[in-house]
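Here is the structure:
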C-alpha cells in the first residue's frame, strides 16, 4: 500500500513540475520571462536574420518592461485551417491571431475574441513590472494608423454585426495589419497590356483565344477567390442572371443565393477547359519558372513574384500584375484585409497589445511590408511623414500646412534605401523618392465599395458555396475518362485472373507416367 502512495506522490510532483518551472522561469540575468503565443499566416512577418521584427520586439519588450519574452510562433495556410482550430477550442493558449476580414466576422459571431478597444482602455497608461508606464503610442484606437478611406470601407461592411445578444463593430476587435487586392499575375512575354485591358477577367477563361496561354493558366483552389473572379467575369461579359445586372460589386461577391451559385458553377466548369489547374501557394513559383503564364493572384504574392522576375540582360521584369478595370478606369473585384485579433482565452493580453502596437510603428511596418511583399495597413501618410497621433502630417516650423515642407519619416526612408526601393537623398538632388507608395498595384485607390468589394462570411450558405466549387472543379457526373480507366483496370485484372486460373489448372492436372 505504501508503495502505491509513493508512486502517487511522485506522479503528482511530476505533473506539478512544469507549473513550478513556469512560475520561476527567469533569463540569464535573473529577469522574469513572459510568454506570447502568435498564430499567423505563413511567410507573413519579417523573419530575416538582419531585420527580424520578432527579435526586434523581444528587445523592445525587455527594454520597456524589464522582463524577457519568449515568442511561440506558429503558422496556418488558410483561414479555414485556422478557423477549424479556433472554433474547435484547440487554440486555448494562443494570444494573437491574424485572420482575414470574413474570418474575423466568423470569430466574432462565435464569441471567440476579446475587445481590443476595451483592452487598450485597460492597459494604456498602466504600470509595468519595472515601474514604467505603458504608452501605446501607435494604438490609442484600433484604426489609429489606418488610412481613412480603407478604414471607412471596413466600417461600411462590418460596423453593425449581430453577434446574438448585441450588435457590435469589427472596429472594436481588430487592428488592420495587411491589405491588398485580387488580380491577375501575368507573363509579359505572352500576354500584352492591350489584351488585359480588352479582356479583363476574361483572361482567366482565355477569351482572347491566345494559344500561348491555353492550359497555361492557374486559379486559386479557394471557393471565395474563384467565386469572386467568376462573378466579376459574369459582370464584365453580361452573363449575370436576369435581375442581378444593377447590383454593386460589394453585393455581387457576397451574394450566394442558388441562382448566383448555379451561374458561377456554369462559368467555372467551362473554365476547366482552358486552365492548367488550381493552386494555393505554388502559383507564384510556377510563374517565375514559366511553367504557366497567367495566375489568379493576391497582390502581395504578385508583387513579390514581379520583383523576383527581374531580368538583368533586359533590365526589366518579365512578370506584371493587373486588376481589371471598369469602363471608367476603376479597379474592380475584391479588396481584402488581414488584422490582429486577441482571443478571449489569451493569458497574455498586455503582451499581445504591445506586440500589435510595436508592429504598427511605421518603421516596423515598412520592414514587414518589404520582406513579405504585401501592403501594410498603416497609412501612407504615416509611412512617408512624421504625423501626430490623429494622423495629421507635421511640418517644419514656419511652414504649417505648406506643401513641400513636410517632416519626412527618416526611419521609413532609411529602410527603403537599404532595401533599394529608393535612392539616398544625397544621391538624388535632395528629393525624396516615395515611388514605393505610389504604385497602384500596391496601394489601390479606394473611393467606395461599388467596384472594389469586401468579402463577408457566407454564413449558412457556406456549405452550398463549397458544394458549387467542388462540382465546378470535378463535375457533377463521373467523368468519362474515369469510367474508361476503371473499365480498363477491371478488364486487365480479369485477364490476369484468367491466366492465373489456367496456369493453376495446368499445374494441378495429373501427369502421365511413361
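Numbering (my numbering), first residue to last: 123 to 636.
Where is the CB? At the ideal position from N, CA and C, for every residue including glycine.
It should be emphasised that the depicted structure is a prediction, and the values quoted were computed from it without experimental measurement.
- Ranking 586, 182, 417 by CA distance to the CA of residue 351 puts 417 first.
- In the structure shown, residue 361 falls within a coil segment according to DSSP collapsed to helix, strand and coil.
- In the DSSP assignment, residue 497 forms a beta bridge with 301.
- Collapsing the DSSP output to three states places residue 201 in a helix.
- With fewer than 16 neighbouring CB atoms inside 10 Å of its own CB, residue 214 falls in the exposed class.
- The beta carbons of residue 476 and residue 441 sit about 38 Å from each other, so the pair does not count as a contact at 8 Å.
- By the Cβ-count criterion, residue 198 is buried, with 16 or more other Cβ atoms from all chains shown falling within 10 Å of its own Cβ.
- When DSSP states are grouped into helix, strand and coil, residue 596 belongs to the helix group.
- Residue pairing from DSSP places residue 460 in a beta bridge opposite 222, 300.
- As DSSP reads the structure, residue 420 sits in a beta bridge with 304.
- By the Cβ rule, the region 333-345 does not count as touching the region 451-460, because fewer than three pairs are nearer than 8 Å.
- With fewer than 16 neighbouring CB atoms inside 10 Å of its own CB, residue 251 falls in the exposed class.
- In the DSSP assignment, residue 533 falls within the alpha helix (DSSP H) that extends over 532-540.
- In the DSSP annotation of this structure, the continuous segment of the alpha helix (DSSP H) that includes residue 318 starts and ends at 315-321.
- In this structure, residue 463 keeps its C-beta atom at 8 Å or more from the C-beta atom of residue 194.
- In terms of Cα proximity to residue 349, the closest of 305, 507, 176, 276 is 305.
- The Cβ neighbour count for residue 594, taken over all protein chains shown within 10 Å, is at least 16; the residue is labelled buried.
- Taking every protein chain shown into account, the CB of residue 558 has 16 or more other CB atoms within 10 angstroms, so this residue is buried.
- Nearest to residue 249 by C-alpha distance, out of 478, 472, 200, 579, is 472.
- By the criterion of a C-beta distance shorter than 8 Å, residue 482 is surrounded in its chain by 260, 261, 266, 267, 297, 500, once the five residues flanking it on both sides are discounted.
- Listed in chain order, the non-local C-beta contacts of residue 521 below 6 Å within the same chain comprise 527, local neighbours out to five positions each way being set aside.
- Residue 497 sits buried, since 16 or more C-beta atoms from the chains shown fall within 10 Å of its C-beta.
- If you compare the alpha carbons of 620, 562, 183 with that of residue 424, the shortest gap goes to 562.
- Just so you know, the alpha carbons of residue 322 and residue 619 end up roughly 56 Å apart.
- Here the region 379-387 lies against the region 584-594, with 3 or more beta-carbon pairs under 8 Å apart.
- In the three-state DSSP reduction, residue 491 falls in the helix class (H, G or I).
- One Cα belongs to residue 399, the other to residue 308, and the distance between them is close to 16 Å.
- A Cβ-Cβ separation of about 6 Å places residue 458 in contact with residue 302 under the 8 Å criterion.
- For residue 526, the secondary structure class from DSSP, reduced to helix, strand or coil, is coil.
- For a cut-off of 8 Å, the C-beta gap from residue 185 to residue 576 is around 38 Å, too long to register as a contact.
- Non-local C-beta neighbours of residue 509 in its own chain, meaning closer than 7 Å and more than five positions away in sequence, comprise 503, 515, 516, ordered along the chain.
- In this structure, residue 492 sits away from residue 534, with a CB-CB distance that is not shorter than 8 Å.
- In chain order, 183, 187, 189, 190, 191, 192, 470, 473 place their CB closer than 8 Å to the CB of residue 156, counting only its own chain and leaving out the 5 sequence neighbours on each side.
- Distance from residue 287 to residue 239 at the Cβ level is roughly 18 Å; contact not present, criterion being Cβ atoms closer than 8 Å.
- Per the DSSP secondary-structure output, residue 157 pairs in a beta bridge with 192.
- Taking the Cβ atoms as the reference, residue 299 lies roughly 6 Å from residue 220, within the contact range of under 8 Å.
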